[in-house]
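What the sequence shown shows, in UniProt numbering, is residues 1 to 121, in sequence order.
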Amino acid sequence: MEQKYIQQFKRGALEMILLCLIAEKETYGYEIITELNRRGGGVLGYAREGTVYPILYRLEESGLLGSRLDGQQSGGSGTRKFYSITKKGREAMEELVVFWKSYAECVDSFIAVTSAKGEEK
């Protein structure tokens, strides 16, 4: 199968994953990318700035995330932009999670039938 189809599928889930991750705690871009790679690197692939930041900006523009700048970082690392989920974002995340669970159950039912037929041969 072509990698582009797998990449499109992963990207489609990434907005929901980012909302879930940010709902856990207020966090900033580098920490988000690090956590994505730690928890999902084997399946999601290696998260990069060029993928994550545009989604964060889009979620913020949509009112699903809020942000604040913090320039008081230790070690002189400069200003960080911290993201937090908004009420609207939490509602959207909850809807997406409900949909995702139904979607996964539906897909699993097709996979189960296909797998069972493959075993019959």
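Think of the CB as a built atom: it goes at the ideal place given N, C-alpha and C, for glycine as much as any other residue.
Suppose the cutoff is 8 Å on Cβ atoms and the five residues either side in sequence are ignored; what does the same chain contact list for residue i look like?
i, result
"residue 16", "93, 96, 97, 100"
Using the Cα positions of residue i and residue j, report the straight-line distance between them to the nearest angstrom.
i, j, result
"residue 29", "residue 103", "29 Å"
"residue 80", "residue 67", "10 Å"
For residue i, collect the residues of the same chain with a Cβ closer than 6 Å to its Cβ; drop the 5 residues on either side in sequence, then sort them by chain order.
i, result
"residue 45", "none"
Flag this pair as yes or no: are the beta carbons of residue i and residue j separated by less than 9 Å?
i, j, result
"residue 21", "residue 2", "no"
"residue 64", "residue 85", "yes"
Between the options, which lies nearest to residue i when the distance is taken from Cα to Cα?
i, options, result
"residue 69", "26, 49, 5", "26"
"residue 47", "86, 109, 10", "10"
"residue 83", "114, 6, 31, 41", "31"
Give a single yes or no on whether residue i has its beta carbon closer than 8 Å to a heavy atom of the ligand ATP.
i, result
"residue 82", "In terms of ligand content, the structure shown is empty, and the ligand ATP therefore cannot be addressed."
Segments assigned beta strand (DSSP E), at least 3 residues, entirely inside the UniProt domain "Transcription regulator PadR N-terminal" (18 to 95):
Listed in chain order, the complete beta strand (DSSP E) runs (minimum 3 residues) inside the UniProt domain "Transcription regulator PadR N-terminal" (18 to 95) are 65 to 70, 80 to 85.
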